[in-house]
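Reading through the structure tokens given below for one structure.
Chains as they are written, first to last, in this note's numbering: chain A, 11 to 238; chain B, 47 to 416.
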């Protein structure tokens, strides 16, 4: 039985994943045209390449339909409750860095910490009659973070893209989003909370806890990719 | 699972329900699907992690009822005559903790009293009824009173804003403690806030805001300025005295038998007179329980009981536990929720107290005893 390795089906994350494996002597290749979602593996036997959307890799790992997968930690934490019991982190890969952070308008000079955000949420609810809205696509991790830190009187509103624009568009008062560089935040007149880092994410190789595969092949594969 | 288990649980529920009807409860039914916005507004975002949300393109988000209390209170506030006693028996839905094998759908049998004549007597009526119905199971009763801690906070010698902030976090003990440490001068003012306060001495808060960035969003610059003024007021407010903090600390850690706890609280009322009326309410309740034949010198009391789980209760709270059955959570629980009726009553309110039993667990204890 072969080991199934799930990697992102396109984009920069795919290129960097291919490069990372190449440095470790494993050549991942797309077969045929770049538009065809099929691939080949050279340099190691018994490994099959499965191209998937990065967002679907957590689910496929949990179901055991792939044995290994490359995706962001943010997606694993958001999509898999008790992720630690379903997948095992094999190796962080040193790219795809993305911090999930809370941000508020820069003109909120009275807000720098979660404590301030909580106080403002209470004030906002009193003066506007509804709960302060935080736009995000990371509902699970954001809610858990705010609960742990005792922030109340907020509500999450779903935003699947252009989240930084929601405050200006009056559909949210604050956001919880991935900030790679911070320049998008700046351009949208937002600032980070000093203690608002929800999750520091990067591309990571995960192993499904229900991974199948031949033990020797698994050992060989782990031996290759396990190198930092 | 034995094939007749669900049927036996249903029989247990019907048996409990019959007792509540016999006690004077009018049987009521409520819809399984409730508008999500009501529940969200009431319980906050955390309810999403606990309740099942479903979508209707026309009516918006709906929630499978996570309890009966809110719909029953709503029904009473719209159609009910006073005084009223209700009972219900039906399933509720809650998401189990990830990894837990507990059921996501289970029965609850409850009894609720809406009566403004004598709240202490109503507390005793509900607790007495639950104690009586559950008597054959030899459970341990835990009680508390959220009203005492509330009164203690309201009685602190400090600015109103600090009291409001503390009351808001009564149900989040960690946050509560953090606020108390800051208001008591134990924690320093954060660095950024000190900078802001220094800048606001020289420049108007509105101008500071404009300098910091373009105004965007629904929160106005007036709101920002108002909070800066609140922070300025807070910065010059004296720390809450260590004597008062010590009393508050003692109250939140107070636990013992009900009669001795009440006596100790009465002593503490000499230092913090604001709790006196809450303490005499507790004494009236103990007298009413005693009149019902409940031994208050054997009844456990913890002033902080209910602070982490039972969000809307604001007075007497209780729970029944099967010691030695660590696999079973609380078997029955309840309390007073006067404030909830105010929130849902649109200007009207009524003192209310009630509780629920989980027949699945009472049955487990009953069957183990046989």
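Glycine is no exception: its CB is placed at the ideal position from the N, C-alpha and C atoms.
- The criterion of a C-beta distance shorter than 9 Å is satisfied by residue 211 of chain B and residue 129 of chain A.
- Check the Cα spacing between residue 179 of chain A and each of B/141, B/305, B/261: the tightest is with B/261.
- Residue 244 of chain B is not a Cβ neighbour of residue 271 of chain B, given a cutoff of 9 Å.
- Judged by DSSP secondary structure, residue 133 of chain B falls outside any alpha helix (DSSP H) and instead within the beta strand (DSSP E) spanning 130-139.
- Taken through DSSP and simplified to helix, strand or coil, residue 92 of chain A comes out as coil.
- Excluding its 5 nearest sequence neighbours in each direction, residue 18 of chain A has C-beta neighbours in its own chain below 8 Å: 24, 27, 61, 62, 63, 64, 67, 80, 81, listed in chain order.
- Neighbours of residue 116 of chain A in chain B, taken as residues whose beta carbon is under 8 Å from its own, are 258, 259, 260 in chain order.
- Of the residues B/401, B/104, B/61, B/295, the one whose Cα lies closest to the Cα of residue 363 of chain B is B/401.
- Rounded to the nearest whole angstrom, the CA to CA distance from residue 331 of chain B to residue 134 of chain A is 38 Å.
- Taking a beta-carbon distance threshold of 9 Å, residue 163 of chain A counts as an interface residue toward chain B.
- The continuous beta strand (DSSP E) containing residue 39 of chain A extends over residues 37-40.
- Exclusion of the five residues before and after residue 219 of chain B leaves 353 as the residues of its chain whose Cβ lies within less than 6 Å of its Cβ.
- Residue 233 of chain B is classed as exposed because its beta carbon has fewer than 16 other beta carbons within 10 Å across all chains shown.
- Of the candidates A/73, A/109, A/72, A/144, the residue whose Cα lies closest to the Cα of residue 189 of chain A is A/109.
- Excluding residues up to 5 positions away in sequence, 221, 222, 225 lie with their Cβ nearer than 7 Å to the Cβ of residue 215 of chain B in the same chain.
- Chain B has no Cβ within less than 9 Å of the Cβ of residue 99 of chain A.
- In this model, residue 152 of chain A and residue 96 of chain B are separated by some 15 Å (Cα to Cα).
- Taking the CA atoms as reference points, residue 399 of chain B sits about 22 Å from residue 407 of chain B.
- Rounded to the nearest whole angstrom, the C-alpha separation of residue 194 of chain A and residue 185 of chain A is 13 Å.
- Residue pairing by DSSP places residue 109 of chain B opposite B/80, B/99 in a beta bridge.
- Listed in chain order, the non-local C-beta contacts of residue 304 of chain B below 6 Å within the same chain comprise 332, 342, 345, 347, local neighbours out to five positions each way being set aside.
- Note on geometry: alpha-carbon atoms of residue 321 of chain B and residue 249 of chain B lie some 42 Å from one another.
- Rounded to the nearest angstrom, the Cβ distance from residue 191 of chain B to residue 361 of chain B is 6 Å, consistent with a contact under 8 Å.
- Three or more beta-carbon pairs drawn from the region 212-222 of chain A and the region 67-77 of chain A are found closer than 8 Å, and the two stretches are therefore classed as touching.
- Taking the C-beta atoms as reference points, residue 160 of chain B is found nearer than 9 Å to residue 129 of chain B.
- The beta-carbon distance between residue 83 of chain A and residue 211 of chain A, rounded to whole angstroms, is 4 Å. This is short enough to meet the 8 Å contact definition.
- Straight-line measurement puts the Cα of residue 163 of chain B at about 9 Å from the Cα of residue 397 of chain B.
- Flagged as an interface residue toward chain B: residue 157 of chain A, by a C-beta distance shorter than 9 Å.
- Nearest CB-CB separation between residue 272 of chain B and chain A: below the 9 Å threshold.
- For residue 173 of chain A, the CB contacts under 6 Å within the same chain, skipping 5 residues up- and downstream, are 145, 185, 187 in chain order.
- Between residue 365 of chain B and residue 350 of chain B, the C-beta spacing is not below 9 Å.
- Not a single C-beta of chain B is nearer than 9 Å to the C-beta of residue 83 of chain A.
- Secondary structure at residue 115 of chain A: strand, using DSSP grouped into helix, strand and coil.
- Interface residue (Cβ-Cβ distance to chain B less than 9 Å): residue 126 of chain A is classified as such.
- One finds nothing in chain B with a Cβ atom closer than 8 Å to the Cβ of residue 208 of chain A; even the nearest lies about 14 Å away.
- The beta carbon of residue 153 of chain A sits closer than 9 Å to some beta carbon of chain B.
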